[in-house]
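Have a look at the structure below before the remarks.
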Amino acid sequence: MANSKGKVIGVSGNMVSAECDSSVRMNEVGYIITGGKHLKAEVIRIRGSKVEMQVFEMTRGIRIGDDVEFTDDLLSVELGPGLLTQIFDGLQNPLPQIARKCGFFLERGFYLSALPESLEFDFTPIAKPGDTVVRGDTLGTVPEGIFTHKIMVPFNMYGTYTVESVVQAGKYSVRHTIAQLKDENGKSIPVTMVFNWPVKRPIDIYSERLRPSEALATKIRIIDTLVPVAKGGTYCIPGPFGAGKTVLQQITSRHAEVDIVIIAACGERAGEVVETLREFPELTDPRTGKTLMERTVIVCNTSSMPVAAREASVYTAVTMAEYYRQMGLHVLLLADSTSRWAQAMREMSGRLEEIPGEEAFPAYLESVIAGFYERAGIVRFKDGTIGSVTIGGTVSPAGGNFEEPVTQATLKVVGAFHGLSRERSDARRYPAIHPLDSWSKYEGAVEPHKSRYVRSVLFSGNEVDQMMKVVGEEGTSLDDYIVYLKSEFVDSVYLQQNAFDAVDAATSIPRQRYIFNFLVKILLASFTLPDKASARSYFNQLRQRFLDLNGAEWESDNFKKIEKELEDTFLNTVKETREELNDIFKSRFTG
Amino acid sequence: MRKIYSKIDYIAGNVITVKAKDITYGELALVTSESGESLAEVIRLDGDNVSLQVFAGSRGIATDDEVKFLGHPMQVSFSDNLMGRIFTGSGKPRDKGPELTENLIEIGGPSVNPAKRIVPRNMIRTGIPMIDLFNSLVESQKLPIFSVSGEPYNELLARIALQAEVDMIILGGMGLKYDDYLFFRDSLEQGGALSRTIFFVHTAADPIVECLLVPDIALAVAERFALKGKRVLVLLTDMTNFSDALKEISITMEKVPSNRGYPGDLYSQLAARYEKAVDFEGAGSITILAVTTMPGDDVTHPVPDNTGYITEGQFYLRNGRIEPFGSLSRLKQLVNKKTREDHRSLMDGMIKLYANFKESLEKKAMGFRMSEWDQKLLKYGDLFESKLMDLSVNIPLEKAMDLGWQILSDCFTKEETGLRTELMNQFWPEN
Ligand SMILES: Nc1ncnc2c1ncn2[C@@H]1O[C@H](COP(=O)(O)OP(=O)(O)O)[C@@H](O)[C@H]1O
Ligand SMILES: [Mg+2]
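Chains A and B, in that order, give the protein sequences. Heads up: the first sequence at position 487 corresponds to 487 in the numbering used here, and the numbers run straight through without jumps. Throughout, the numbering used here is defined as the position within the second sequence, counted from one, plus 1000.
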């Protein structure tokens, strides 16, 4: 069937209406041809022969009567080996390659394929002629950096096929036919390493979805210990501007213990992405010894890039995440900021003159947000392997007030909430995750009863602090005051973590467990402190040693030396002996 | 020869509609009426109906006035002849100089490919400790001053502009008071910078649509100079006026507002302008310093709020001082690693203590007895405010850091600072 054609009959902002007499599909991609350029657009409403499209480009220069060509394809991405290390825009155009052709500025109507013809991989066949296969089955593998990339039966080939032939082991370009498959009617279909998949359709080729029960180590102490994230789970980071959402995601993208990180820079600053894309090729991933770039894909549709493509960008990112999950890998998708994506929806909805909901967001906002996070998950494939997609999204609430539609809709669906607080970021208590307001439904790296205990200390400390604001320090008992000092102590030496210190930036799980146990013993101890001034000075000394410890390389001589000093300082002023403390610790936390 | 239309079907707000053929979206037209000529821009095509936004407003336009389409979008002349000149928001001379028509460039062009950006690396020294030490300004940064009206924000802007080592300055004034314009002109003249400054000024008396053009025109020119290797500083004052102009126009166009009457795309509109700040590899740069006045001293007002999410920090000006809280430079960590090894820790440590000082101050205000620790904090806060925060202080960064250590050691013991031992062994003044 020949694809439909039409003519432009109206333009307003990035909305173009076209007249088209033949068949058009909702959400199919079309191109508006103006001044020799093909501008990509998506059909978002059809009224009789009038088709309304949102254009992924500036619409300046379009005129009535310009040709429109429809493709019959939904907005899709290319899936195949070679996506890793790349930097794409929201529609999966590779930005560095575009820069090579167009220079400093983005040029509208200029598109390149995500996986170019020239890309070659070393193919090893797995399927054999005569095998029966369905979509998602492995035909062969290629090495992609540090991973074994499965070449699968394209996900859009529904039905059952018989393998007619598979090419021999060897180097092939991604668009070379690597197998011929015969469908149920005996028709032979060539398959390459690459296929397209519509971004808004979740990839659901697995046998079972599992409960996210394994912690995902971010190496950020407050997260791993108090409000953990699980592989295949979801979490959100709402916070006012400047509270540290982006920095938190940046350090997570570096240190998180996952196979692959997909960064979706959605409608925020271009400069922040640049930091990542310039630094990652230089940074070594301690888990693999290779650069961090080798496990990373960046989708970058920053705030001054076209709004319609911004809306698509989070889907482009999650589709690639699902694709790599299919290889049995653990993928972390970090989206910054989901509010910009929601705003893109709002702009589109406004142009369609839909009836607005709260703060002019469309009425379907909640279900769309839920649908997006629902694409996370840990799954078992039919060969028994397990893969996961974890989604962490920042939220940028208007006025920093969490009582707004995007934050609220997100909180309903995620498994963990890392709420950033303005007070904490003002006081430079980074990461500014509020330890009491935030929550997680997942189990973390330290035993839950220990982290609950520390939470209770923080809670009591906060109560004393609130009370002191009413009755003053003089009206507070020494015991209460010590509770307060303990909670401040936990905050400054454990919850706060210096993202810009080489050592402190990432704390491994063994190290977290180790120092957390130490910390818990300090909290359990009873002190021989005569008055508040000496209590404060004592905790200052402890803090000093502990901060020095945080700066020392794990298990180094220096670490051990400072640890010894810390222990001496600590035990000096404690009623219990070291052995007694160990007993208290054991009786409280075992059994 | 382009066709002239003389039947306007519809006039509302600043928008007129005529029937015309073969018009491109975004092109300009010249509307001639009794009150003179004005440019207008095509903002909607619907079959033969062409809607235009009239820059000078539609007041006095008659249905039989002439509309002549120009066949190109908004342009501005770009050459060295712009230097030292003063223009309106639509690029017409405001001084007595000649109109410039050579080498016309389009405004509101495409954005820079993120892959072509480089990580900013040059600190701009201002001599103001609250900036240099605590919120370092960086070449190619985009950063507004948040302030209530009445604060000396234009003075601060002019002071930074003169102290910054840049090749040229472009001032975009939106709803600028004439006195303020004179103030900028005189300050830049006294500082010897007038001949390398270009003004695009919209005053409160000018048509509202022209206010919207100011950032685009200023930044389009800046971009060209930057591509030629110039380090350009763009001053935009006041972006709240710009946002209010957006609001006014979108309301007259009956768009659904999202928050306090502002359009839902306020974020994207502001970002499209601020994101023009850039450091071009192998060429020059654009640094944007703006003013965002906060209606009712409310940072959560949509304009400062959206701005804060877009820009790379902000200087929060209050009571004639740059406040440690609320002020932020998101790029500081890109430059303060290389200044001196104590810079980062000192900066964070001093602000943490300042936060403690604020708490003690609160307790004091409530009439509680001040403990020994509170006393120390009160002393610290006083010294911090008078020696570092006061805007009359003008010292180099290194002096400011030394002074910081001095203040710490005047008030606290080492362990009370929460700084690492190693660092204190190196920098703690022995008095
Ligand atoms: N964990 C951290 N450690 C140190 N500084 C931080 C941290 N998080 C944020 N900051 C500081 O705050 C600034 C703003 O953080 P950012 O993540 O960009 O905020 P947001 O994305 O919430 O607007 C950063 O540029 C940095 O200076
Ligand atoms: Mg951010």
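Where a beta carbon is used, it is the ideal one built from N, C-alpha and C, also for glycine.
I need the straight-line Cα distance from A:GLU423 to B:GLU1416, nearest angstrom please.
About 21 Å.
Count the other CB atoms within 10 Å of the CB of B:HIS1343; is the residue buried (16 or more) or exposed (fewer)?
Counting Cβ neighbours within 10 Å, B:HIS1343 comes out buried, since at least 16 surround it.
Using only alpha-carbon positions, find the residue among B:VAL1050, B:ALA1290 and B:THR1311 that is nearest to B:ASP1009.
It is B:VAL1050 whose Cα lies nearest to the Cα of B:ASP1009.
Under 7 Å between beta-carbons, which chain A residues line up against B:LYS1096? List them in chain order, please.
Ordered by position in chain A, no residue passes the 7 Å Cβ test against B:LYS1096, which lies about 34 Å from the chain.
For B:LEU1331, is the beta carbon positioned less than 8 Å from some heavy atom of ligand 1?
Under cutoff, so the answer is yes.
When the distance is taken between beta carbons, is A:HIS330 closer than 9 Å to A:ASP259?
Cβ distance < 9 Å, so A:ASP259 and A:HIS330 count as in contact.
Quick one: what's B:SER1285 bridged to in DSSP?
Answer is B:ARG1231 and B:ASP1279, bridged to B:SER1285.
Can you say whether A:LYS101 is buried or exposed, counting buried as having 16 or more other CB atoms within 10 angstroms of its CB?
It is exposed - the Cβ of A:LYS101 has fewer than 16 other Cβ atoms within 10 Å.
For a contact meaning CB atoms closer than 7 Å, what does B:PHE1134 contact in chain A?
Under the 7 Å cutoff, chain A gives no residues; its nearest Cβ is about 10 Å from B:PHE1134.
Please list the residues of the segment 509–534 of chain A that have a C-beta atom closer than 9 Å to any C-beta atom in chain B, keeping them in chain order.
Answer set for the segment 509–534 of chain A: LYS532 and ALA533.
Just to make sure I have the definition right: I need the residues of chain A whose C-beta is within less than 7 Å of the C-beta of B:ALA1355. Which are they?
The contacting residues are ASP426 and ALA427.
Along the chain, where does the beta strand (DSSP E) containing A:GLN496 start, and where does it finish?
Here A:GLN496 belongs to no beta strand (DSSP E), and DSSP marks it neither H nor E.
Is any beta-carbon of chain B found at less than 9 Å from that of A:VAL68?
Not closer than 9 Å to any Cβ of chain B, the Cβ of A:VAL68 fails to qualify, so no.
In terms of alpha-carbon separation, which member of A:VAL153, A:TRP197 and A:PRO198 lies closest to A:PRO190?
Among A:VAL153, A:TRP197 and A:PRO198, the Cα nearest to that of A:PRO190 is on A:VAL153.
If I measure Cβ to Cβ from B:ASP1348 and keep anything under 8 Å in the same chain, skipping five residues before and after, which residues do I get?
There are no such residues.
How would you list, in chain order, the residues of chain A whose beta-carbon sits under 7 Å from the beta-carbon of B:GLU963?
Because chain B is modelled from 1001 through 1431, residue 963 of chain B falls outside the range shown and cannot be assessed.
So the candidates are A:LEU277, A:VAL274, A:ARG269 and A:PHE280; which of them puts its Cα closest to the Cα of B:GLU1275?
The shortest Cα separation from B:GLU1275 among A:LEU277, A:VAL274, A:ARG269 and A:PHE280 belongs to A:ARG269.
So, for A:GLY170: in the same chain, excluding its five sequence neighbours on each side, which residues have a beta-carbon less than 7 Å away from its beta-carbon?
PHE123.
According to DSSP, is A:VAL413 helix, strand or coil?
Correct three-state label for A:VAL413: coil.
According to the neighbour-count rule (16 or more other Cβ atoms, all chains shown, within 10 Å of its Cβ), is B:LYS1338 buried or exposed?
Exposed.
Does the Cβ of A:ASN3 lie closer than 8 Å to at least one heavy atom of ligand 1?
Result no, Cβ not under 8 Å from ligand 1.
Could you tell me how far apart the beta carbons of A:GLY145 and A:GLU294 are, in whole angstroms, since I believe they sit closer than 8 Å?
4 Å between Cβ atoms; contact.
From A:THR296, A:PRO286, A:LYS575 and A:LEU495, pick the residue whose C-alpha is nearest to that of A:TYR324; which is it?
Nearest of A:THR296, A:PRO286, A:LYS575 and A:LEU495 to A:TYR324, Cα basis: A:THR296.
Is it buried or exposed, B:LEU1353, if we count other Cβ atoms within 10 angstroms and call 16 or more buried?
Result: buried.
With C-beta atoms as the reference, is A:ALA409 less than 9 Å away from A:ALA363?
No. Outside cutoff.
Note down, in chain order, all residues in the segment 85–116 of chain A with a beta-carbon under 8 Å from any beta-carbon belonging to chain B.
Answer set for the segment 85–116 of chain A: ILE87, LEU95, PRO96, ILE98, ALA99, CYS102, GLY103, PHE104, PHE105, LEU106, GLU107 and ARG108.
Helix, strand or coil, according to DSSP, for A:TRP341 in the structure here?
Correct three-state label for A:TRP341: helix.
Smallest Cα separation from B:ALA1161: which of B:ASN1122, B:GLY1191 and B:PHE1200?
Closest by alpha carbon: B:GLY1191.
Which residues in chain A have a C-beta closer than 7 Å to the C-beta of B:VAL1256? List them in chain order.
Chain A residues near B:VAL1256: GLY350, PRO356 and ALA360.
Can you give me the start and stop residues for the beta strand (DSSP E) that A:PHE121 sits inside?
From DSSP, the beta strand (DSSP E) with A:PHE121 extends over 120–125.
Can you tell me whether DSSP reads A:GLU474 as helix, strand or coil?
A:GLU474 falls in the coil class under three-state DSSP.
When burial is assigned at 16 or more other CB atoms within 10 Å of the CB, is B:TYR1316 buried or exposed?
The residue in question, B:TYR1316, is buried, as its Cβ has 16 or more Cβ neighbours within 10 Å.
Which term fits B:LEU1328, buried or exposed, when burial requires 16 or more other beta carbons within 10 angstroms of its beta carbon?
B:LEU1328 is buried by the Cβ-count criterion.
Does any heavy atom of ligand 2 sit closer than 8 Å to the C-beta of A:LYS245?
At least one heavy atom of ligand 2 is nearer than 8 Å to the Cβ of A:LYS245, so yes.
Under 9 Å, Cβ to Cβ, is there at least one residue of chain A near B:SER1111?
Closer than 9 Å to some Cβ of chain A, the Cβ of B:SER1111 qualifies, so yes.
As an exercise, report each continuous beta strand (DSSP E) stretch of at least 3 residues that is fully enclosed by the segment 1011–1074 of chain B, in chain order.
Listed in chain order, the complete beta strand (DSSP E) runs (minimum 3 residues) inside the segment 1011–1074 of chain B are 1015–1019, 1028–1033, 1036–1046, 1049–1054 and 1066–1069.
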